[in-house]
Amino acid sequence: MKKNLFIVLVILISVIFLSCENPLFVKITNLYNVDFITNGGSEVASMRTSEITQNPVTEKQDAVFEGWYTTSTFVGTAIVIPYEVTENICLYAKWKEKYTVYFETNCNQQIQSYKTFIVDSIPVIERDGYYFDGWYTNQNFTGEKVSFPYSLSQNTTFYAKWIQEHNVSFESNGGTKFDSIKTHELTSLPQPIKDDCVFNGWHLTPDFSDSAITVPYQVTKPITLYANYKQKYTVSFNTNGGSEIDSIRAVVIPESPNTTLQNHYFVGWYEKPELTGLKVEFPYSVTKDITLNAKWQPTYAVNFETNGGTSIPSFRTIELTELSEPTKTKHTFAGWYTDSELTKKLTLPLVLDNDITLYAKWIENYTVIFDSQGGSEIPSVSSAYIESEPIPTKADKTFMGWYTVPECNDEYKVEFPYTVTSDVILYAKWVAQMWTITYNSNGATSGTVPEQIFVEKGKSFTVSANTGKLTKPGYAFTKWSTSSDGQSGSSYSVGETVFPSKNLTLYAQWGKDYAEMVDVAGGTFYFGDNTSDGTTDVKVTLDSFRIAKYELTYELWLEVYTWAKENGYVLYLAKKGYTENDKYKSFVPATNISWEDACVWLNAYSEYKGFEPVYYIGSSVFRDVNLSTTPTWNRTKNGFRLPTECEWEYAAKGGPEQKNYMYAGSNVLDDVAWYYWGNSYNSNGKAQPVGTKKANTLGLYDMTGLSEELCYDDVSLSSGEYYNPIGISLYSTRGGTCYENLCSSYYPNRNYYWVYHYGYESKGYSTIRVAQNAQ
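Counting from 893, one number per residue, gives the positions in the sequence shown under the working numbering.
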């Protein structure tokens, strides 16, 4: 038994010794040094501890303690007591300093300075004859007034601002009397009362020659204010049979007095008994005793015979502007008529001169059933008139309209608005999905857009030319785009093939006018080179004429070509530039044009623009390039034409302002020309847009080199003087080309004879520079 007790005792003692809550043992805790930096405050002894349980106290004169911090820069927040110490540390006292505040009262009352870190308020001070206008931190009283509470960051002086008050006297001029006051500012003014008058403001002058003062008003000296009044006048009312209105005395009548007269409309008040002149407008200023006269206009009864429809009450008026519409089962209201036979339809507005009865006309409704033939359902309607066309849908199909027979033959198509004359079934017509292509003039001021077209899904269409002669002042049609600004969408040139994937709206794009003409004043020049290499003894005098600023662009050629083919002209289609890739460029020259093609196209261009054609065979306009007879130039006509060779050279040299340049506008070939000549070239044998090089003195581009330009004639002149000469032979080209080494670019040098007289080459790379007689 003793042995068992001993074993139990040993186990119990072991458990007590091993237990963490053993009350017989003190828990071993780590202690750390804590030092206190009081930053000018009373000293706090260092301690060694694991926890700060009470806030160490320190004091500092003229400062408020804001806590202990673990960093000397007071980053973060102050420690919170109790605070566990886990390492040797220094704690730093943070203080909020008090500053001295001084007061300059600028009066006999003084305020004692004191130390604080925030000024909550300042005692009220007074100064006889002055208004206190606040405290400022500078003696010049600039900046904002001090608002309280005010936190100090340094010793500060507050300065009191005073504004002198002055005496204000009131001269009521027979009205209510008021005592004088003393103030620096008037924020409100008394309103005197005077018999048979209306107060009209306070003035600084007794004769009221100044404007009445308004508040707030700053008083900077003693003043007297003089009351101004307006005299009331008697206003009598002649109602001319209307309800009576008592006379009044007034200066202003704010709104029209009300009077009534049975079966009459009140027109207004008039000053003249004859009711002539202008109607009185309100508010009305009364400047004398006056009688206002009422003007009346008789009203007439408007009665309604709805012929079985819902009733509409009668009323009286002087004019009908809009009317209610009745309803009737299974009928559609078709308007009001002024006769019972329903032959005279009412037109609004209508000024009445007698009582009137209006008669309702009805159209019997019929049932219209819509058979969508596989498309989305359209509900049946009962009506006599359908304003707009219901549009069903069907997968991968395009709706083409409603028809009265299921076969949807064209002659049975229904047009909307649709007048229904009997019960009917309408059948939807479907075709393979079609895309709608719509053209938009985009700011054009005249002309018409090409017709809307429908393109079957998966098929293409050709982009239309400007077939309706759209024009916009100062601009030329350039292309079509899917966006109005031409930037955010896709752009298409005339004649381009497009495969649409949705409905498209194509907006006309407007840009540089490549058809612009330049007026060339007549003058005299020496035909041939301006240097010693050529002839200088051929003196030529020309009349004024016009010539195109640019070589003919393919876009303009195609626009006119399309119109010409539709209007009885026969000619061949020009090329766009020189190479296959040129067809993707914009505003390159139209090339591969024969002399005969040029004459036909220029005649078409003349008609297209409203001028007279120039080239004729006998008395007939030259319209067919395949005719074997050579056309002649009727010089009396005002249309477009080829320049003569002399006109071309005169224009290239600069007309009356000609310079002795080697090229048209410069002595540097690269400045004015695109060319391709042996190992010397800048065009790489490709077409370039017109007008991208320097112009000559007339503002003409590309006369030295881009495409060879057709002239009407091939002139051959010996020494002497000539007036408007035309060569016996026809066909020549002038200028250089940017494709292959076909010619030189020395525009005036007649040693390069084949450069200018290229008549044996009917097409080649020739283009047109349009000319015209002076207009």
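C-beta: ideal position from N, C-alpha, C; glycine also.
Please list, in chain order, all residues of the same chain as residue i whose beta carbon is under 7 angstroms from its beta carbon, the five residues on each side excluded.
i       : result
THR1075 : GLU1057, VAL1060 and VAL1111
LEU1167 : ASN1185 and LYS1187
LYS894  : Because the pLDDT of LYS894 is 47, which lies under 50, any placement of that residue in the model is unreliable, and the question is left without a value.
ASN1257 : LYS1222, HIS1223, THR1224, SER1274, SER1275 and ALA1276
GLN1189 : HIS1156, TYR1157, VAL1159 and ILE1210
LYS1655 : Any reading at LYS1655 must be qualified, since the residue scores a pLDDT of 41, below 50, and its modelled position is unreliable; no value is offered.
TYR1615 : THR1433
LEU1609 : PHE1419, VAL1430 and PRO1617
PHE1514 : CYS1491, VAL1492, ASN1495, TYR1507, TYR1508 and PRO1523
Among the options, whose alpha-carbon lies nearest the alpha-carbon of residue i?
i       : options                               : result
ALA1276 : THR1221, ALA1587, THR1235 and PRO1284 : THR1221
SER1039 : VAL1011, LEU1170 and ILE1620          : VAL1011
SER1128 : GLU1163, TYR1497, GLY1627 and PRO1114 : GLU1163
VAL1341 : LYS1371, TYR924 and VAL1312           : LYS1371
TYR1568 : VAL1560, ALA1579 and LEU1244          : ALA1579
ASP1247 : THR1209, VAL1386 and ALA970           : THR1209
VAL1107 : TYR924, SER1383 and GLY1093           : GLY1093
THR1219 : GLY1200, VAL1452 and TYR924           : GLY1200
ILE1073 : GLY1021, SER1103, ALA1104 and TRP1054 : GLY1021
ALA1357 : GLU1343, GLY1366 and GLY1350          : GLU1343
VAL1323 : SER1352, ASP1288, ASP1099 and VAL967  : ASP1288
VAL1347 : THR1359, LYS1394, VAL1172 and PHE1009 : LYS1394
THR1249 : LEU1602, LEU1240, SER1232 and THR1259 : SER1232
ALA1587 : ILE1255, SER1575, THR1521 and TYR1553 : TYR1553
Starting from residue i, trace the beta strand (DSSP E) in both directions and tell me its first and last residue.
i       : result
TYR994  : 991-996
THR1717 : The structure shown has nothing for residue 1717, since the chain only spans 893 to 1667.
VAL926  : 924-929
THR1221 : THR1221 -> no beta strand (DSSP E), and no H or E assigned at all.
GLU1147 : First-last for GLU1147: undefined, no H or E at that position.
ILE1261 : 1258-1263
ASP1411 : 1409-1412
ASN1332 : 1326-1332
GLU958  : 955-961
PRO1190 : 1182-1190
ASP1605 : 1600-1606
ILE1509 : 1507-1509
LEU1398 : 1396-1403
CYS1089 : 1089-1095
Please go through the same chain and pick out, in chain order, the residues whose beta-carbon is closer than 6 angstroms to the beta-carbon of residue i, but skip the five residues on each side of it.
i       : result
LEU1634 : Summary for LEU1634: the model assigns pLDDT 36, below 50, so the residue's position carries little reliability; its value from the coordinates is reported in the next sentence. Closer than 6 angstroms at the Cβ level, and outside the excluded window around LEU1634, lies no residue.
GLY1335 : LYS1364
For the putative contact between residue i and residue j, defined by C-beta atoms under 8 angstroms, what is the C-beta separation to the nearest angstrom?
i       : j       : result
THR1280 : PHE1308 : Residue 1280 is actually Ser in this sequence, not Thr. Confirmed, Cβ separation roughly 6 angstroms.
GLU1063 : LEU1117 : 7 angstroms
VAL1090 : TYR1121 : 6 angstroms
TRP1525 : TYR1542 : At roughly 18 angstroms, the Cβ-Cβ gap does not stay under 8 angstroms, so TRP1525 and TYR1542 are not in contact.
ASP1489 : GLU1537 : Rounded, the Cβ-Cβ distance is 19 angstroms, inconsistent with contact.
GLN1265 : TYR1319 : 6 angstroms
ILE973  : THR945  : 7 angstroms
LEU1622 : TYR1604 : 7 angstroms
LEU1602 : LEU1519 : LEU1602 to LEU1519, Cβ: 18 angstroms. No contact.
For the alpha helix (DSSP H) that contains residue i, what are its first and last residues?
i       : result
SER1498 : 1487-1500
ASP1562 : 1561-1564
CYS1538 : 1537-1545
ALA1456 : 1446-1458
Check this for me: beta carbons of residue i and residue j, under 7 angstroms apart or not?
i       : j       : result
TYR961  : LYS986  : yes
GLY1067 : PRO1082 : no
GLU1504 : LYS1529 : yes
LEU1590 : VAL1410 : yes
THR1330 : THR1389 : no
GLU979  : GLU943  : no
LYS1468 : LYS1457 : no
GLU1539 : PHE1437 : yes
VAL1492 : TYR1461 : yes
LYS1321 : GLY1293 : yes
SER1382 : TYR1399 : no
ASN1484 : ALA1466 : yes
GLY1628 : THR1659 : no
GLY933  : GLU951  : yes
PRO1205 : PRO1175 : no
Answer yes or no: the CB of residue i versus the heavy atoms of the ligand HEM, is any distance below 6 angstroms?
i       : result
SER1128 : The ligand content of the structure shown is nil, which means the ligand HEM is not present either.
Considering only residues of the same chain and omitting the five flanking positions on each side of residue i, which have a CB-CB separation below 8 angstroms?
i       : result
THR1285 : GLY1267, SER1268 and PHE1291
ILE1017 : THR997, CYS999, GLN1001, ILE1003, PHE1024 and ALA1052
VAL1386 : VAL1355, SER1356, ALA1357, ASN1358, LYS1371, TRP1372, GLU1447, LEU1450, GLU1451 and THR1454
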